[in-house]
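Chemist:
Residue numbers (my numbering): 78 to 320.
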């Protein structure tokens, strides 16, 4: 069997590590002794990417007789090595590849004699079943963003006359028709204070002050918001982006 060697009656297994990075800093480290590792947004993948630029099943790392191969699984936005889109790439130690807003570093570890069964799997957050298609300029921008880090943004999608992007640099933002609201809602029936976006040590949260304010089509009194979430109030639509 590939990756399993018997030496003097002792089983020896090949091991690899994949480090997910953002802004040049490690986010998560994954260690495997499997022949195939799947990567994507689907919660059934071995490495889950919580980013709308990734496909549900985006890529895989497969162990072959020649070594480890990175294969793109016909993803919408592609898998990149050295700035080039790849479909199959022979991996070597310390190779870096990009999917969505994240960089991944591949390492081939020394073989081990025992497998630690105490390793716990990452428990991913289930993302909406959708992938945003990006053009090459957007992908290049995301790759550069992954290297240097990114600013959280709120992108207003509608109404048409109010399209804009707002960088979220403060600790909180009031959304509403009030003259002091940082994120303005217009119209006769716009709530004075519809919601408050709050930055905490665990990420961004939304406190809904009006039943008309919704996250992904649902009203939540208090909840975390993640990359790609759609915030709405009446005709106003906003996309929360961390990429």
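Glycine included, C-beta positions come from ideal geometry on N, C-alpha and C.
According to the Cβ coordinates, are residue 119 and residue 133 closer than 8 Å?
Modeler: Yes. Within cutoff.
Chemist: Report the rounded CA-to-CA distance for residue 192 versus residue 138, giving the unit in angstroms.
Modeler: Per-residue confidence for residue 192 stands at a pLDDT of 45, beneath the threshold of 50, marking its modelled position as unreliable; the derived number appears in the next sentence. Near 20 Å, if we compare the C-alpha coordinates of residue 138 and residue 192.
Chemist: Terminal residues of the continuous beta strand (DSSP E) containing residue 309?
Modeler: Run containing residue 309: 307-310, per the beta strand (DSSP E) assignment.
Chemist: Leaving out five residues on either side along the sequence, give the residues of the same chain with a beta carbon under 7 Å from the beta carbon of residue 235.
Modeler: 312, 313 and 314, listed in sequence order.
Chemist: Mark residue 131 as exposed unless 16 or more other C-beta atoms lie within 10 angstroms of its C-beta, in which case mark it buried.
Modeler: Result: buried.
Chemist: Between residue 98 and residue 125, what straight-line distance do the alpha-carbon atoms span, to the nearest angstrom?
Modeler: Distance between the alpha carbons of residue 98 and residue 125: 13 Å.
Chemist: In the DSSP assignment, the beta strand (DSSP E) including residue 268 goes from what residue to what residue?
Modeler: Unbroken run through residue 268: none, as it is neither H nor E.
Chemist: Could you check the C-alpha separation between residue 298 and residue 265 for me, to the nearest Å?
Modeler: In a straight line, the C-alpha of residue 298 is about 23 Å away from that of residue 265.
Chemist: What separation, rounded to the nearest whole angstrom, lies between the Cα atoms of residue 186 and residue 93?
Modeler: Residue 186 and residue 93: Cα-Cα distance of roughly 5 Å.
Chemist: In angstroms with no decimal places, state the Cα-to-Cα distance between residue 183 and residue 305.
Modeler: Those two C-alpha atoms are separated by around 27 Å.
Chemist: Figure out for me which residue from 290, 154, 241 and 279 has the closest Cα to the Cα of residue 251.
Modeler: Checking every option, the nearest Cα to that of residue 251 belongs to 290.
Chemist: What separation, rounded to the nearest whole angstrom, lies between the Cα atoms of residue 273 and residue 242?
Modeler: The alpha-carbon atoms of residue 273 and residue 242 are separated by roughly 17 Å.
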